Amino acid sequence: MNELDKIPVRQELSVAEGNVKRSNPLANVFDELVRFCQSRSMFMLHYCTGCGAIELPPAMTSRFDMERLGIQPMVTPRQADILLITGYVSVKTLKRIILTYEQMPSPKYVIGICSCTVNGGMYWQSYATAKVLKEYLPVDIYIAGCMPRPEAVISGLRDLMGDIKSGRADNWKRYFQNYDHYLGNQQKLFGEDWQTPTDIIAEAEHYGLMTDQTLGEHTALLQKHQQPLEALEFSLGEKREKIQGENPREKNNE
Amino acid sequence: MHFYELLVELLLMPILAFVIGLAMVLMMRRIGARIQRRVGPPVLQPIYDIIKLYSKETQISHGLMHEIGIIMAVGGFIAAMTLLPVPGMSGLTDKGGAVTLAYMLMIPSLGMALGVGQCANPNGSIGISRALTAMLAYDIPFILVIFGASYVYGTTNLAEMVAIQQQQDVSSWGIVQMPLLALTALLILPATMGKHPFEIYVAPSEIATGPMVEMSGKFMGGLFVMQCFQLYTAGVIFTTLFLGGGVYWITFLPKIFLVVAIPMSVAYLFPRYRTEDVLRLMWKWPMLLGLIGLAVVMK
Ligand code: SF4
Numbered sequence: 001m002n003e004l005d006k007i008p009v010r011q012e013l014s015v016a017e018g019n020v021k022r023s024n025p026l027a028n029v030f031d032e033l034v035r036f037c038q039s040r041s042m043f044m045l046h047y048c049t050g051c052g053a054i055e056l057p058p059a060m061t062s063r064f065d066m067e068r069l070g071i072q073p074m075v076t077p078r079q080a081d082i083l084l085i086t087g088y089v090s091v092k093t094l095k096r097i098i099l100t101y102e103q104m105p106s107p108k109y110v111i112g113i114c115s116c117t118v119n120g121g122m123y124w125q126s127y128a129t130a131k132v133l134k135e136y137l138p139v140d141i142y143i144a145g146c147m148p149r150p151e152a153v154i155s156g157l158r159d160l161m162g163d164i165k166s167g168r169a170d171n172w173k174r175y176f177q178n179y180d181h182y183l184g185n186q187q188k189l190f191g192e193d194w195q196t197p198t199d200i201i202a203e204a205e206h207y208g209l210m211t212d213q214t215l216g217e218h219t220a221l222l223q224k225h226q227q228p229l230e231a232l233e234f235s236l237g238e239k240r241e242k243i244q245g246e247n248p249r250e251k252n253n254e
Numbered sequence: 255m256h257f258y259e260l261l262v263e264l265l266l267m268p269i270l271a272f273v274i275g276l277a278m279v280l281m282m283r284r285i286g287a288r289i290q291r292r293v294g295p296p297v298l299q300p301i302y303d304i305i306k307l308y309s310k311e312t313q314i315s316h317g318l319m320h321e322i323g324i325i326m327a328v329g330g331f332i333a334a335m336t337l338l339p340v341p342g343m344s345g346l347t348d349k350g351g352a353v354t355l356a357y358m359l360m361i362p363s364l365g366m367a368l369g370v371g372q373c374a375n376p377n378g379s380i381g382i383s384r385a386l387t388a389m390l391a392y393d394i395p396f397i398l399v400i401f402g403a404s405y406v407y408g409t410t411n412l413a414e415m416v417a418i419q420q421q422q423d424v425s426s427w428g429i430v431q432m433p434l435l436a437l438t439a440l441l442i443l444p445a446t447m448g449k450h451p452f453e454i455y456v457a458p459s460e461i462a463t464g465p466m467v468e469m470s471g472k473f474m475g476g477l478f479v480m481q482c483f484q485l486y487t488a489g490v491i492f493t494t495l496f497l498g499g500g501v502y503w504i505t506f507l508p509k510i511f512l513v514v515a516i517p518m519s520v521a522y523l524f525p526r527y528r529t530e531d532v533l534r535l536m537w538k539w540p541m542l543l544g545l546i547g548l549a550v551v552m553k
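These protein sequences, in sequence, are chains A and B.
For what it's worth, our numbering labels the leading residue of the first sequence as 1, then goes sequentially.
For what it's worth, our numbering labels the leading residue of the second sequence as 255, then goes sequentially.
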């Protein structure tokens, strides 16, 4: 065996709680049908953060044609199933990525394209980039390369399809199960008053995905700093500048 | 007609329409792909998409109106399906007629407007205002066409129109009797289907798919189902008014697929029109043609 083959490419995961086979054989067939359809129809939100995005157009258009695999671009997080993060993630971008990710309906999958999302790539010394993407979001598949060719992107997407079909791609549950961990890393980067409009804890309760890792010191911090969401005031011209200074959420984003 | 027979037809007609509509969506996507020199989606892709959307775990609802809006959008089309004559089944065609159908086809747009309104997303509101403006643009030529056709056939009953056209060979078809009105209908066809180049209200990169911006999961699935009905309706109305309708499925199916394929193959070649240009375009050429066509048939 080649030395290279010994490097584990996939972290072997135990079957998560939600995925136990149901006892009713008909329900199993139904589950498989649903998983099959989910794997064959993926709407992607390509959040083009960095240079890696340049390889997506050829992957989507006539040369490699992703639509063959049922992968289509979609434009809002509400409609999307997979979030493609194509390249280095600056701290400011990461905030937007997290906002986007939390708005996507589950089951949702994250793909980190480019070495920069794996370990910082050539930006590993930069003060302004978030280096390891999976500390902030549960990543389903990484496609390494600087930048990966369209063939690699499509092969990565096919791997994800296989994972979805076999029920292994359940990383979206991990975000709820280990929310405290992810939130902690986010707070380290953005400060302890970091908050998003989505109520992850309530969602975790709703899905029955609360574990003892969901709540912790970081979520306690979140609850301390959390301000109730209010509609932003709509105004034009001079008045707007005045309001910007006063709005705590605007300050938060800078 | 026997009561049970009618009941079966009312059930069967929307189901058939849905299945044919799925095939039309596939055809539309394949045509688009071929024009862009791509392969296009696999055969069952429309079904995968719909099952996937309905099986999402998160179903974000923005309130009661959001849900009712989608039900209206799909339900309006399902009701319209029972008014469209197909080979072997006429459902409620003889009770409804072309005018009821024209009304019925506005319900989905209004349902969408209500549903999107509750989402409170500015992109959605912009999209829906554009969609309703576009509806205003193509509905007037559409009414002209329906009026002209009813005048020529002397009835608003779609089933009777088919019977009249079937009495002789091709020369009795609407497209020979009133070519100008048929041309008008062909010109507004892409707009009624909301496809290129009249899809400014969707405009993915500018207003993030407009009305669909807050739709996820089953709501989006509902819209996908609606799209199937939309394509099917456009094909059947045109075929019934101008192409002799259908007596046998074997001749009916190629006709409706052809009708949907024509605007699709032309559509992808054009960029989008802006809303005011849609209005100007629709009220200029199709309307002019329609009025001349009316004058010719009423002379
Ligand atoms: S891995 Fe290379 S191509 Fe990709 S974002 Fe980083 S520097 Fe750019």
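Each residue gets a CB set at the ideal place from its N, CA and C atoms; glycine is no exception.
Computed from a prediction, not measured in an experiment: that's the story for all the values here.
Shown here for M335(B): same chain residues with a beta carbon closer than 7 Å to its own, the five before and five after excluded, namely M267, P268, A271 and F483 in chain order.
The C-alpha of Q481(B) lies about 44 Å from the C-alpha of G120(A). Nearest CB-CB separation between S315(B) and chain A: not below the 8 Å threshold. M282(B) is positioned such that its CB atom lies no closer than 8 Å to that of L512(B). Burial check for C114(A): the Cβ neighbour count within 10 Å reaches 16 or more, so the residue is buried. Going by DSSP, F43(A) is part of the beta strand (DSSP E) stretching over M42 to Y47. Every residue whose beta carbon comes nearer than 6 Å to a heavy atom of ligand 1 appears here in chain order: G50(A), C51(A), G52(A), G87(A), Y88(A), C114(A), S115(A), C116(A), G121(A), M122(A), C146(A) and M147(A). DSSP links T211(A) through a beta bridge to no other residue. For T354(B), there is no enclosing beta strand (DSSP E); the residue is found in the alpha helix (DSSP H) stretching over T347 to M358.
Shown here, Y405(B) sits in a helix according to DSSP, grouped into three states. Using a Cβ-Cβ distance cut-off of 8 Å, the stretch 419-437 of chain B and the stretch 514-522 of chain B are not in contact, since fewer than three pairs of beta carbons, one from each stretch, lie closer than that value. Under the three-state reduction of DSSP, S166(A) is assigned to coil, being neither helix nor strand. Nearest neighbour of Q420(B) by Cα position, chosen from F506(B), S459(B) and G471(B), turns out to be F506(B).
Taking a C-beta distance under 8 Å as the contact criterion, V139(A) and I305(B) do not qualify as a contact pair. Residue burial annotation: M104(A) is buried, with at least 16 other C-beta atoms found within 10 angstroms of its C-beta. Flagged as an interface residue toward chain A: G471(B), by a C-beta distance shorter than 8 Å. G448(B) carries a coil assignment under DSSP once its states are collapsed to helix, strand and coil. In terms of beta-carbon proximity, P107(A) lines the interface with chain B, with at least one pair separated by less than 8 Å. Taking 8 Å as the cut-off, the beta carbon of G381(B) is found no closer than this to the beta carbon of G323(B). The C-alpha of W172(A) is placed about 15 Å away from the C-alpha of Q313(B). If you ignore the 5 residues before and after W539(B), its C-beta comes within less than 7 Å of the C-beta of L441, all in its own chain and listed in chain order. Remark: C-beta atoms of G547(B) and G402(B) approach each other more closely than 8 Å.
By the CB criterion at 8 Å, G448(B) and A457(B) fall outside the cutoff. Using a CB distance below 8 Å, the part of the stretch 44-71 of chain A facing chain B consists of T61, S62, D65, E67, R68 and G70, ordered along the chain. The Cβ of Y175(A) sits no closer than 8 Å to any Cβ of chain B. Minimum Cα-Cα distance from R534(B) among the listed residues Y405(B), Y392(B), I397(B) and L398(B) corresponds to Y392(B). At least one C-beta of chain A is nearer than 8 Å to the C-beta of K310(B). Residues of chain A with a Cβ closer than 7 Å to the Cβ of G294(B) are, in chain order, E67. The residues G500, V501, Y502, W503 and F506, in chain order, have a CB closer than 8 Å to that of P341(B) in the same chain once the five nearest residues on each side in sequence are set aside. Residue contact check for R288(B) against chain A: no CB pair falls below 8 Å.
With fewer than 16 other CB atoms across the displayed protein chains lying within 10 angstroms of its CB, N28(A) is exposed. Between the alpha carbons of K95(A) and V273(B) lies a gap of roughly 43 Å. Listed along chain B are E311 and T312, each with a C-beta nearer than 9 Å to that of Y207(A). The Cβ-Cβ distance between V467(B) and T76(A) falls below 8 Å. Scanning the stretch 67-110 of chain A for uninterrupted alpha helix (DSSP H) segments of 4 residues or longer gives 91-103, listed from N- to C-terminal end.
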